[in-house]
Amino acid sequence: MKKILIVLILLIFIGCSSAEGKTERLIFNRQMVQITIDSMEEIDLGNDSEITFKLWGYDLYIADVSATLLKEYKYNLFKLPVTYGVDYEKEYDDKIEPDGSGKYGYYITFEMKNYHGKKYKIDYESTDKDYFGIRKRKIEELSGKIYIKEIK
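The sequence shown begins at -11 in this note's numbering and counts up by one.
As structure tokens, then:
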């Protein structure tokens, strides 16, 4: 019985180590960032609101330069909460100027438009402090929840 148990344990370790090796070699060229927009208060967005996300990239080791716009995404906005997908492809990094180290940081900005006169802004008090306060070195770190509020 002990021999069977030892053989099973060895097979499990061999199987796990070979599976780990395979996953380390996988390269994903396309990733999806999920951004949820919500509000702590009731907001009437109407039927004509639009939200624009802009994905920016910059070299982590070059100081005092502007980030490069990598891609812009426009969506209609009807109700809250809502989650949007912002795609990222590794080829976007080729657009980043100036290029030096090959190590990049990313951030997302967004603008809201509506045609019934109301204006909105980010509710920084309700949004997780780490979302805006920490440098994002990996694209997947951009996923998160952003709260908005009406400017009165």
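Glycine residues also receive a C-beta, built at the ideal position from the N, C-alpha and C atoms.
DSSP-derived helix/strand/coil call for residue i
i, result
"Leu48", "coil"
"Phe66", "coil"
"Lys124", "strand"
"Lys133", "strand"
"Lys78", "helix"
"Ser26", "Note that residue 26 corresponds to Asp in the displayed sequence, not to Ser. The answer is strand: DSSP assigns Asp26 an E or B state."
"Lys91", "coil"
"Ile15", "At Ile15, the pLDDT of 39 sits below 50, so the modelled position is not reliable; the number obtained from the coordinates is stated separately. Residue state, collapsed to three classes: coil."
Residue i to residue j span [Cα, whole Å]
i, j, result
"Lys133", "Asp116", "8 Å"
"Asp32", "Asp81", "38 Å"
"Phe86", "Phe66", "It is Pro, not Phe, that sits at residue 86 in the sequence shown. Between Pro86 and Phe66, the C-alpha separation is close to 38 Å."
"Thr40", "Leu48", "25 Å"
"Thr56", "Lys83", "7 Å"
"Val70", "Met20", "16 Å"
"Thr24", "Arg123", "19 Å"
Residues bridged to residue i (per DSSP)
i, result
"Met100", "Ile39"
"Ile139", "Lys107"
"Gly73", "Gln22"
For residue i, the nearest candidate out of the options (CA to CA)
i, options, result
"Phe98", "Ile84, Met28, Ile136, Leu48", "Ile136"
"Lys140", "Phe41, Lys124, Lys109", "Lys109"
"Ala51", "Ser114, Arg125, Ser131, Gly88", "Gly88"
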